[in-house]
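Asker: The numbering of the sequence shown is the numbering used here, which starts it at 22 and goes up by one.
Even for Gly, the Cβ is constructed at its ideal location relative to N, Cα and C.
For reference, the structure I am asking about is given below.
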Amino acid sequence: MNNLISTPADFAQKNQANHLAELIRFLQIPSISTQPDHAADVAAAADWLAKAMRDAGIENVRVIETNRHPLLYGDWLHAGPDAPTVLIYGHYDVQPVDPLDLWESDPFEPVVRDDYLYARGASDDKGQVYVHIKAVEAYLKVNGRLPVNVKFIIEGEEESGGESLSAFIPANKELLAADIALVSDTGILAPDQPAIVYGLRGMCYMLMDVTGPARDLHSGSFGGGIDNPINALSHIIARLKDENGHVLIPGFYDRVRPLSSDERELLSQLPRDENKWLAEAGAPQLWGESEFTLTERIGARPTLDVNGIIGGYTGPGGKTVLPAKAHAKISMRLVPDQDPQEIAALFQKYVQEIAPPTVKVEISVMHTAPASVTDYSIPAMKAAAAAYEQVFGKRPVYMREGGSIPVVGEFQTYLGLETVLMGFGLPGDRIHSPNERFYVPNFYKGIQTSIRFLEEYAEQM
Ligand code: BES
Ligand code: MN
Ligand code: MN
22 MNNLISTPAD FAQKNQANHL AELIRFLQIP SISTQPDHAA DVAAAADWLA KAMRDAGIEN
82 VRVIETNRHP LLYGDWLHAG PDAPTVLIYG HYDVQPVDPL DLWESDPFEP VVRDDYLYAR
142 GASDDKGQVY VHIKAVEAYL KVNGRLPVNV KFIIEGEEES GGESLSAFIP ANKELLAADI
202 ALVSDTGILA PDQPAIVYGL RGMCYMLMDV TGPARDLHSG SFGGGIDNPI NALSHIIARL
262 KDENGHVLIP GFYDRVRPLS SDERELLSQL PRDENKWLAE AGAPQLWGES EFTLTERIGA
322 RPTLDVNGII GGYTGPGGKT VLPAKAHAKI SMRLVPDQDP QEIAALFQKY VQEIAPPTVK
382 VEISVMHTAP ASVTDYSIPA MKAAAAAYEQ VFGKRPVYMR EGGSIPVVGE FQTYLGLETV
442 LMGFGLPGDR IHSPNERFYV PNFYKGIQTS IRFLEEYAEQ M
């Protein structure tokens, strides 16, 4: 090792250009997990990452085949019998890129513009998972050891349900046993304002298929005498929630754990600029349950949204048709202690009750994930706060995130593991949208923060 390099932090600092170049190669692989024609790319991304892990000095690296996309495991377990073990999770799969015409540069030809690296997966989650591989590498290359034991479990199905990892966890409790899980798949508030996410929403994703006549009909000959599945679907959707954002499914709110006044106070301290947040969304105005603050509505309240509607004629020009079928994809974001299976059943029951007898409505559950909250006073949270403060120069704020990371609830349930969500994304990263990007200074600071976290956590334990 170059004797001018004295510490892991120094090593990471001096290798920034290499780290960025490597991340760019990782981002060139279009590992879109939900689209079957990209399966080979997903496998290629797994192999690429496995090699990067081995090159970093991580041991026992395995590409684990599943019914769908491979899982990656690796570890380094020589920190000594008293040292704690950190289980680092991330995902190497990415979201689809459509609408492609809205991208300013090719989603899989990463480019840096104004300190942002533009590519699908840059922030969610390839850039963030790579942070930890580089942090571990810095320790192993400079010191030949880590202050803690480390295990990695990295999946390729997070963006499309995560079934393989859900099955793997309960069957491999010993392999994955650890003291804490560490996940970078969330964001901070601003480049100079780090944030620890202590809660995630859960998910209940439903598919609704509405069938009317046996085939598409002439809307003049049959319109007025036969119900239209798209209209029927619209009526059902209109009854799912009111104008104020309140979900109308009976029992939906029964298990929602009320927010304590302490927590409302904590959340009210978030320095969120609502106008900036609205400008980022680009919508005409804010919306939602008026009895809750914006921060509460997007992190700590359950919601229901239609993600997509399919049906009828959408090609150029008009076509006078009364379609045979209509479909909707509907997701509900859940909070503790809502049970995803129970919510799915309530949804099904209610929709069947309000569905008109003039159409047939079939409902299926696509995927579910439990919500999670973590006590923000545990040692690992303190270690994360100290690491953020040292690298970003500012104490982190605490917040709940509206998105879902299904594995966090599963770590709690099957491994008894709490998760520290130490993210490095920004609200403007456009994850799942065109022109996804990662703020390059946050990539470098992320590596430094991970290096600090492992040291701080070893000291706390
Ligand atoms: N990284 C996100 C979760 C997230 C979203 C964190 C927004 C912070 C802000 C994750 O990759 C994701 O997109 N999760 C899906 C899960 C779903 C497919 C079960 C989500 O939240 O839609
Ligand atoms: Mn993610
Ligand atoms: Mn995502």
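In chain order, what residues of the same chain lie with their CB nearer than 8 Å to the CB of Ala-406, ignoring the 5 residues before and after it?
Answerer: Ile-217, Arg-416, Pro-417
Asker: Tell me whether Ser-242 is buried or exposed, calling it buried when 16 or more other Cβ atoms sit within 10 Å of its Cβ.
Answerer: With a threshold of 16 other beta carbon atoms within 10 Å, Ser-242 falls short and is exposed.
Asker: Whole angstroms is fine: what's the gap from Ser-240's alpha carbon to Asp-396's?
Answerer: 58 Å
Asker: If distances are taken between C-alpha atoms only, which option among Phe-464, Gln-469, Leu-475, Thr-470 comes closest to Tyr-139?
Answerer: It is Phe-464.
Asker: What runs of the alpha helix (DSSP H), each 4 residues or longer, lie entirely inside the stretch 291-354?
Answerer: 295-302, 315-320
Asker: Can you list the beta strand (DSSP E) stretches of 3 or more residues lying completely in the stretch 173-208, in chain order?
Answerer: Along the length of the stretch 173-208, whole beta strand (DSSP E) runs at least 3 residues long occupy 201-204, reported in chain order.
Asker: Looking at the secondary structure, which residues open and close the beta strand (DSSP E) in which Val-441 lies?
Answerer: 440-442
Asker: Which two residues bound the contiguous beta strand (DSSP E) that contains Met-482?
Answerer: Looking at the DSSP string, Met-482 is not in any beta strand (DSSP E), and its letter there is neither H nor E.
Asker: Give the residues whose C-beta lies closer than 6 Å to at least one heavy atom of ligand 3, in chain order.
Answerer: Answer in sequence order: Gln-116, Asp-145, Glu-180, Ile-452, His-453.
Asker: Could you spell out where the beta strand (DSSP E) holding Tyr-219 opens and where it closes?
Answerer: 216-221
Asker: Quick check: does the Cβ of Asp-31 come within less than 6 Å of any heavy atom belonging to ligand 2?
Answerer: Every heavy atom of ligand 2 is 6 Å or more from the Cβ of Asp-31, so no.
Asker: So the beta strand (DSSP E) Ala-66 belongs to, where does it begin and stop?
Answerer: First-last for Ala-66: 60-76, but that is the alpha helix (DSSP H), not the beta strand (DSSP E).
Asker: Mind the definition here: the stretch 51-71 touches the stretch 177-187 only if three or more C-beta pairs lie below 8 Å; say whether that holds.
Answerer: yes
Asker: Following a CB-centred definition, is Asp-136 positioned closer than 6 Å to any heavy atom of ligand 2?
Answerer: no
Asker: From Ala-202, Thr-87, Gln-373, pick the residue whose C-alpha is nearest to that of Ala-192; which is it?
Answerer: Thr-87
Asker: With DSSP run on the structure shown, which of helix, strand or coil describes Arg-473?
Answerer: Arg-473 sits in a helix when the DSSP states are folded into three classes.
Asker: Rounded to whole angstroms, what's the CA-CA distance from Asn-81 to Ala-100? Just pull it up for me.
Answerer: 16 Å
Asker: Can you tell me which of Leu-325, Thr-232, Leu-307 puts its alpha carbon nearest to the alpha carbon of Gly-263?
Answerer: The residue you asked about is not Gly; residue 263 is Asp in the sequence shown. Comparing Cα positions, the closest option is Leu-325.
Asker: Spatial neighbours of Leu-186 within its chain, please: CB distance less than 7 Å, with the 5 preceding and 5 following residues excluded, ordered by chain position.
Answerer: Leu-92, Glu-176, Glu-178, Val-428
Asker: Is the beta carbon of Asp-206 within less than 6 Å of some heavy atom of ligand 1?
Answerer: yes
Asker: What does a CB cutoff of less than 7 Å around Gly-423 pick up in its chain, not counting 5 residues either side in sequence?
Answerer: Arg-222, Ile-319, Gly-320, Arg-354
Asker: For Thr-28, which residues does DSSP report across the bridge?
Answerer: In the DSSP output, where bridge partners are listed per residue, Thr-28 has none listed.
Asker: When the distance is taken between beta carbons, is Ala-401 closer than 7 Å to Ile-251?
Answerer: no
Asker: Tell me whether Ala-390, by its Cβ, gets closer than 6 Å to a heavy atom of ligand 1.
Answerer: For ligand 1, a non-hydrogen atom lies closer than 6 Å to the CB of Ala-390.
Asker: Under a three-way DSSP split, which group does Ser-385 fall into?
Answerer: In the structure shown, Ser-385 adopts extended strand secondary structure according to DSSP, grouped into three states.
Asker: Comparing C-alpha positions only, which one of Gln-411, Tyr-219, Ile-468 sits nearest to Asn-39?
Answerer: Ile-468
Asker: Since Asn-170 and Leu-98 should fall inside the 8 Å C-beta cutoff, what is the C-beta to C-beta distance between them, to a whole number of angstroms?
Answerer: 5 Å
Asker: Just to confirm before moving on: does the CB-CB distance between Tyr-137 and Tyr-460 stay below 7 Å?
Answerer: yes
Asker: Taking 7 Å as the cut-off, decide whether the C-beta atoms of Asp-145 and Ile-351 are in contact.
Answerer: Between Asp-145 and Ile-351, the gap from beta carbon to beta carbon reaches 7 Å or more.
Asker: For the stretch 221-252, which segments carrying the alpha helix (DSSP H) assignment without a break, of at least 4 residues, lie completely within its bounds, in sequence order?
Answerer: 240-243
Asker: With hydrogens ignored, establish whether the beta-carbon of Ile-426 is closer than 6 Å to any heavy atom of ligand 1.
Answerer: yes
Asker: Look at Ala-404 and Thr-470 and say whether their C-beta atoms are less than 7 Å apart.
Answerer: No. Outside cutoff.
Asker: Less than 6 Å between the CB of Met-387 and some heavy atom of ligand 1, yes or no?
Answerer: no
Asker: Does ligand 1 have even one heavy atom less than 6 Å from the beta-carbon of Met-74?
Answerer: no
Asker: Just the Cα atoms here: how many angstroms apart are Phe-413 and Phe-189?
Answerer: 36 Å
Asker: Grouping DSSP H, G and I as helix and E and B as strand, with all else coil, what is Lys-262?
Answerer: Residue state, collapsed to three classes: strand.
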